[in-house]
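Q: So that we are looking at the same thing, I have put the structure below in structure tokens.
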Amino acid sequence: DTGVSQDPRHKITKRGQNVTFRCDPISEHNRLYWYRQTLGQGPEFLTYFQNEAQLEKSRLLSDRFSAERPKGSFSTLEIQRTEQGDSAMYLCASSLRTVSTDTQYFGPGTRLTVL
Amino acid sequence: AQSVTQLGSHVSVSEGALVLLRCNYSSSVPPYLFWYVQYPNQGLQLLLKYTSAATLVKGINGFEAEFKKSETSFHLTKPSAHMSDAAEYFCAVTPYGTGNQFYFGTGTSLTVIP
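Structure below.
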């Protein structure tokens, strides 16, 4: 299977700690997206990359959140000084930019619990 | 601005009955519309998409949806519900020609009663 993969699947951390999540997109996809999903809600867009360029980051939740995609392949999402309100599922998606539009394919997510 | 409203956060149907999940969108430009399904503790799986071709779109697992511009709707239907259809369903919109931001609804949880 060559779908989107995310690691880890689950992360439990204590408040104030830093956490980093990894996303590996479908290999030929040039766009990569991060979303946050809280219980009972739809995914909330955070940021996206086209190749290694971060084209939209204004919707990252605070300056404690940052994302990178250094070589245009995998991406990492870091949350510094975690808070209990950061507990959520973090979803990654990838797509192949085409003339018309993209279809985003999602990974299984990383569930973060902040104690 | 783009947004999606899913009417009914919970829908219950009997096995074999018609499934109807409602989605209304708001978009300042022609939209592309999507339905995704999410099973517990999993990511989202694409069911179907509308990208300005045929207004009646057929997807996987027997689902289909019809784009109605006059009603700004993109409701999801399936003629006969199966137990395996029980899941969370999300409608999403993205502006035509960009695809860089998807706006999701809050989801509809489908329960199938045997």
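Residue numbers (our numbering), protein chains in the order written: chain H, 1 to 115; chain C, 116 to 229.
Every residue gets a Cβ at the ideal spot worked out from N, C-alpha and C, and that includes glycine.
Residue 103 of chain H and residue 161 of chain C - do their beta-carbons sit closer together than 9 Å?
A: A contact, by the Cβ cut-off of 9 Å.
Q: Answer yes or no: does any C-beta atom of chain H fall closer than 9 Å to that of residue 170 of chain C?
A: So, not an interface residue.
Q: What whole-angstrom Cβ distance do residue 37 of chain H and residue 44 of chain H have, given they're in contact under 8 Å?
A: Right, the Cβ-Cβ distance comes to about 7 Å (below 8 Å), so this counts as a contact.
Q: Residues of chain C with CB under 7 Å from residue 72 of chain H, in chain order?
A: The contacting residues do not exist; residue 72 of chain H stays about 16 Å from chain C at best.
Q: Can you tell me whether residue 121 of chain C is buried or exposed? The criterion is at least 16 other CB atoms within 10 Å of its CB, across all chains shown.
A: Per the 10 Å Cβ criterion, buried.
Q: Between residue 47 of chain H and residue 54 of chain H, how many whole angstroms is the CB-CB distance? I'm expecting something under 8 Å.
A: Indeed, because the Cβ distance is near 6 Å, the residues count as touching under 8 Å.
Q: Please compile the residues from chain H whose C-beta is within a distance smaller than 8 Å of the C-beta of residue 221 of chain C.
A: Result: 40, 41, 42.
Q: Contact between the stretch 8-17 of chain H and the stretch 56-66 of chain H: three or more CB pairs below 8 Å?
A: Touching, no.
Q: On the premise that residue 153 of chain C lies in contact with residue 218 of chain C, defined as a C-beta separation below 8 Å, what is that separation, rounded to the nearest angstrom?
A: That belief does not hold up - the Cβ atoms of residue 218 of chain C and residue 153 of chain C are roughly 16 Å apart, past 8 Å.
Q: Can you check whether the CB of residue 82 of chain H is closer than 9 Å to the CB of residue 3 of chain H?
A: Against a cut-off of 9 Å, the Cβ pair of residue 82 of chain H and residue 3 of chain H comes out as no contact.
Q: At the level of alpha carbons, what is the spacing between residue 225 of chain C and residue 193 of chain C?
A: Going by the C-alpha atoms only, they are around 12 Å apart.
Q: If I measure Cβ to Cβ from residue 200 of chain C and keep anything under 8 Å in the same chain, skipping five residues before and after, which residues do I get?
A: Here the set comprises 134, 176, 193, 225, 227.
Q: If I follow the unbroken beta strand (DSSP E) through residue 173 of chain C, where does it start and stop?
A: Unbroken beta strand (DSSP E) run through residue 173 of chain C: 171-173.
Q: At 8 Å on the CB atoms, spell out the chain C contacts of residue 52 of chain H, in chain order.
A: Chain C residues near residue 52 of chain H: none, gap ~16 Å exceeds 8 Å.
Q: Could you check whether residue 22 of chain H and residue 51 of chain H sit closer than 9 Å to each other, using their CB atoms as the reference points?
A: No; because the gap between Cβ atoms is not below 9 Å, this pair is not in contact.
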